[in-house]
Amino acid sequence: DGGITQSPKYLFRKEGQNVTLSCEQNLNHDAMYWYRQDPGQGLRLIYYSQIVNDFQKGDIAEGYSVSREKKESFPLTVTSAQKNPTAFYLCATFPGAGGSYNEQFFGPGTRLTVL
Amino acid sequence: RKEVEQDPGPFNVPEGATVAFNCTYSNSASQSFFWYRQDCRKEPKLLMSVYSSGNEDGRFTAQLNRASQYISLLIRDSKLSDSATYLCVVNMDSSYKLIFGSGTRLLVRP
Chain R
1 DGGITQSPKY
11 LFRKEGQNVT
21 LSCEQNLNHD
31 AMYWYRQDPG
41 QGLRLIYYSQ
51 IVNDFQKGDI
61 AEGYSVSREK
71 KESFPLTVTS
81 AQKNPTAFYL
91 CATFPGAGGS
101 YNEQFFGPGT
111 RLTVL
Chain P
1 RKEVEQDPGP
11 FNVPEGATVA
21 FNCTYSNSAS
31 QSFFWYRQDC
41 RKEPKLLMSV
51 YSSGNEDGRF
61 TAQLNRASQY
71 ISLLIRDSKL
81 SDSATYLCVV
91 NMDSSYKLIF
101 GSGTRLLVRP
């Protein structure tokens with residue numbers, strides 16, 4: 001059963017804590033992405049990775065960090081430096097070169113709330 | 001100016017109506033265009049890609065106007081199940097980076 005899994009589905013964090021959101025895929029896709037979505041707004045790109053051990057900042061990378069040690073995994077850490085982290089976080093994949101250039105696949109998302 | 005702009009709506013239409021959404025993009029070198037659908041509190045899912053010649057999938061028609069830098073989505077014979085937010089998505093260059101519009105909300109009423 002191929003797909004993208006994100007965990008946890010809901011996450012609550014106290015101010016000042018770092019938290020890590022998990023994203024795992026078994027689609028064998030090269031590229032992986034992290035987006036943030038706030039109520040009534042579109043998706044904003046945090047980080048993306050086209051290959052293992054390489055990643056680039058998106059439009060709102062400040063206060064976030066990522067790693068891409070394995071093709072299947074692209075965890076996102078929300079650090080205490082992120083001033084307003086409450087949002088819906090979406091992980092996505094893209095087949096990459098040689099694959100279909102038509103669709104970015106999304107995981108079910110993680111809702112992060114800072115208490 | 002935003003890279004991708006959409007009318008946020010909401011568009012409130014009766015069942016059976018025809019509704020059209022437009023989306024403008026700022027980068028004339030943009031290469032690929034898509035419409036995604038997002039249901040409330042769910043992840044976005046691809047509705048259709050947009051090709052230069054225009055394309056149709058059942059009740060949905062997408063068109064691209066490169067000269068005016070906009071894409072459109074037409075929904076005919078609206079169903080209650082069409083109620084969702086429709087996201088316009090553009091690939092600006094040869095990278096794998098996609099730019100999302102903020103979405104247009106559609107409400108189809110009985």
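Residue numbers (the working numbering), protein chains in the order written: chain R, 1 to 115; chain P, 1 to 110.
Glycine is no exception: its CB is placed at the ideal position from the N, C-alpha and C atoms.
On a predicted model such as this, the values are computed, not experimentally measured, just so you know.
Alpha carbon of residue i to alpha carbon of residue j, nearest angstrom
| i | j | result |
| --- | --- | --- |
| P:I164 | P:Q6 | In the structure as shown, chain P begins at 1 and stops at 110. Residue 164 of chain P is therefore absent and cannot be evaluated. |
| P:A29 | P:E3 | 12 Å |
| P:K97 | R:F55 | 12 Å |
| R:K70 | R:P8 | 20 Å |
| R:G16 | R:K57 | 23 Å |
| P:Q57 | R:R13 | Here residue 57 of chain P is Asp; the residue named in the question, Gln, does not match the sequence. The straight-line gap from Cα to Cα measures roughly 43 Å. |
| R:V66 | P:F34 | 27 Å |
| R:G42 | P:A67 | 25 Å |
| P:G54 | R:C23 | 35 Å |
| R:G40 | P:M92 | 23 Å |
| P:F11 | R:P108 | 26 Å |
| P:T61 | P:K42 | 24 Å |
| R:D30 | P:T104 | 30 Å |
| P:R59 | P:C40 | 22 Å |
| R:R68 | R:N53 | 5 Å |
| P:L87 | R:L11 | 26 Å |
| R:L112 | R:Q37 | 11 Å |
| P:L47 | R:N18 | 36 Å |
| P:Q31 | P:A17 | 32 Å |
Own chain residues within Cβ distance below 6 Å of residue i, not counting five before or after
| i | result |
| --- | --- |
| R:I60 | R44 and I46 |
| R:G63 | T79, A81 and Q82 |
| R:M32 | S49, F74 and T93 |
| P:S52 | L64 |
Closest by C-alpha distance to residue i, when choosing among the options
| i | options | result |
| --- | --- | --- |
| R:Q104 | R:P85, R:Q50, R:N18 and R:T110 | R:Q50 |
| R:P75 | R:W34, R:K14 and R:G3 | R:W34 |
| R:T5 | R:V19, R:R13, R:R36 and R:N26 | R:N26 |
| R:P85 | R:T110, R:R68 and R:N28 | R:T110 |
| P:P8 | P:S52, P:T85, P:V89 and P:M92 | P:T85 |
| P:Q69 | P:V50, P:T61, P:F60 and P:R59 | P:V50 |
| R:T20 | R:T77, R:L115, R:T113 and R:G107 | R:T77 |
| R:G3 | R:L112, R:F106 and R:Q37 | R:F106 |
Residues of its chain near residue i, where Cβ-Cβ distance is below 7 Å and the 5 sequence neighbours each way are ignored
| i | result |
| --- | --- |
| P:D82 | I75, L106 and V108 |
| P:K45 | Y36 and R37 |
| P:L112 | One cannot answer for residue 112 of chain P here, as it falls past the ends of chain P, which runs 1 to 110. |
| R:V114 | R13, E15, P85 and T86 |
Residues near residue i in its chain [Cβ-Cβ closer than 8 Å; skip 5 each side]
| i | result |
| --- | --- |
| P:V13 | V19, S78, L106, L107, V108 and R109 |
| R:N28 | K71 |
| P:V89 | V4, F33, F34, W35, Y36, L98, I99, F100 and G101 |
Residue i CB to nearest heavy atom of the ligand MN below 8 Å
| i | result |
| --- | --- |
| P:I99 | With respect to the ligand MN, the structure shown offers nothing to examine, as it has no ligands at all. |
The region 16 to 25 of chain P contacting the region 78 to 92 of chain R, beta-carbon criterion three pairs below 8 Å:
no
Below 9 Å between beta carbons is the criterion; list the residues of the region 33 to 47 of chain P that meet it against any residue of chain R, in chain order.
F34, Y36, Q38, R41, K42, E43, P44, K45 and L46
For the region 14 to 45 of chain R, enumerate the residues whose C-beta is nearer than 9 Å to any C-beta of chain P, in chain order.
D30, A31, Y33, Y35, Q37, G40, Q41, G42, L43, R44 and L45
Using a Cβ cut-off of 7 Å, which residues of the region 84 to 108 of chain P contact any Cβ in chain R, in chain order?
L87, Y96, K97, L98, F100, G101, S102 and G103
Give me the subset of the region 101 to 112 of chain R whose CB atoms are less than 9 Å from a CB atom of chain P, sorted by chain position.
Y101, N102, E103, Q104, F105, F106, G107, P108, G109 and R111
Under 7 Å, CB to CB, which of the residues in the region 72 to 94 of chain R have a partner in chain P?
L90 and F94
Selection of the region 47 to 68 of chain R by Cβ proximity to chain P, strictly under 7 Å
Y48 and Q50
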